[in-house]
Amino acid sequence: MQSITDQCYSEADFSNNDFRDSEMKYCTFVRCSFRGASMEELQTTGCHFVDCDFSGALLNASIHTGSAFTNCRFKAASLFVARFEECKLVGSDFSECNMNGVTIDRGDWSYTNLRHVNLSKQSLQGIRLVEADLFRCNLEKCDLRDADLTRAQLSQAQLQGADLRGAILDGVDFQSVSVKGARMDAGQAIAFLRSFGAKVE
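In this note's numbering, the protein residues as written are -3 to 197.
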């Protein structure tokens, strides 16, 4: 098991490297490439990845605690049953990414690209998703209670059976969202009706 602690890397190329079962603690990676790297069961704690490229990387069953991945690219990466605990993913791109079975425990996922991603049945309670792009994202039966979805792009997202109670939905275009079967609180229901021109007294 490889262990990397308190190291800083800038513009390093780790493409196709083997980090399986490795551990990274309190490291900083700036504009580094992890393209196609094997990172299954990798554990990161308190690490910072800035503008890094994880395209095509295998991060299956990896665990990340208190780490930040800001403006990173995960295009076509595999995050099958990966776990993120109190992590910051602001501005990262998950297009074409396999996120089946992923676990997201709190954290900030604002401004992320999660288009077409399958997050069905996941607990996203209390997560920040401000201005996140969730176009056609599968959110069926998701627990989105108390999540911050301010100005999030939810056009054509699947929200059947999702729990939205307590979520912040300011700036969401309800006319492009199907909320059939979703659970909403009274305030959200009123905002939804008003967006279609209804007068609620």
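Every residue, glycine too, gets a C-beta built ideally from N, C-alpha and C.
Here the structure is a predicted model, which is why all the values come from computation and not from measurement.
Straight-line gap, C43 to V98 (C-alpha atoms, nearest Å) | In the sequence shown, counting from the first residue as 1, residue 43 sits at position 47. In the sequence shown, counting from the first residue as 1, residue 98 sits at position 102. Cα to Cα, C43 sits roughly 19 Å from V98.
Nearest-angstrom Cα distance between L54 and A182?
-> Sequence index remark: in the sequence shown, residue 54 carries index 58 (1-based). Sequence index remark: in the sequence shown, residue 182 carries index 186 (1-based). So the two alpha carbons sit approximately 43 Å from each other.
Opposing strand residues paired with H60 [DSSP bridges] = If you number the sequence shown from 1, residue 60 lands on position 64. Note: H60 sits in a beta bridge opposite T40 and F80.
Return the chain-ordered list of same chain residues with a C-beta closer than 7 Å to the C-beta of G122, the five sequence neighbours on each side being excluded.
-> As a working note, residue 122 is residue 126 in the sequence shown. The answer, listed in chain order, is R102, D142 and A143.
For R190, does the three-state DSSP call read helix, strand or coil?
-> As a first step, residue 190 is located in the sequence shown; it is residue number 194 there, counting from the start. R190: helix per DSSP, three-state reduction.
Return the CA-CA distance between L189 and F15, expressed in angstroms with no decimal places.
-> Residue mapping note: residue 189 aligns to position 193 of the sequence shown, counting from 1. Residue mapping note: residue 15 aligns to position 19 of the sequence shown, counting from 1. Cα to Cα, L189 sits roughly 51 Å from F15.
Selected residue, minimal CA-CA separation from T66, among S106, Q154 and D139 = Within the sequence shown, the letter at position 70 stands for residue 66. Nearest option by C-alpha distance: S106.
Could you tell me whether any Cβ in chain D is nearer than 8 Å to the Cβ of V113?
-> The chain inventory of the structure shown lacks chain D, comprising one protein chain alone.
Beta-carbon proximity list for E19, same chain, < 6 Å, skipping 5 on both sides = Numbered from 1 along the sequence shown, position 23 holds the residue referred to as residue 19. Around E19: S(-1) and Q39.
Contact check, G32 vs G62, beta carbons under 8 Å = Within the sequence shown, numbered from 1, the residue matching residue 32 stands at position 36. Within the sequence shown, numbered from 1, the residue matching residue 62 stands at position 66. Not a contact, by the Cβ cut-off of 8 Å.
Give me whichever residues DSSP pairs with Q154 in a beta bridge.
-> The sequence position of residue 154 within the sequence shown is 158, counting from 1. Paired residue(s): N134 and S174.
Kindly give me the distance between the Cβ atoms of R147 and D166, rounded to whole angstroms, as I take these residues to be in contact under 8 Å.
-> Position 151 of the sequence shown holds residue 147. Position 170 of the sequence shown holds residue 166. The Cβ separation is near 7 Å, so the contact holds.
With distances taken from CA atoms, which of D104, E127, N109 and R132 is nearest S116?
-> Start at 1 with the first residue of the sequence shown, and residue 116 comes out as number 120. Of D104, E127, N109 and R132, the residue nearest in Cα terms is R132.
Answer yes or no: do R69 and F50 have a C-beta to C-beta separation smaller than 8 Å?
-> Residue 69 sits at position 73 when you count from the first residue of the sequence shown. Residue 50 sits at position 54 when you count from the first residue of the sequence shown. Yes.
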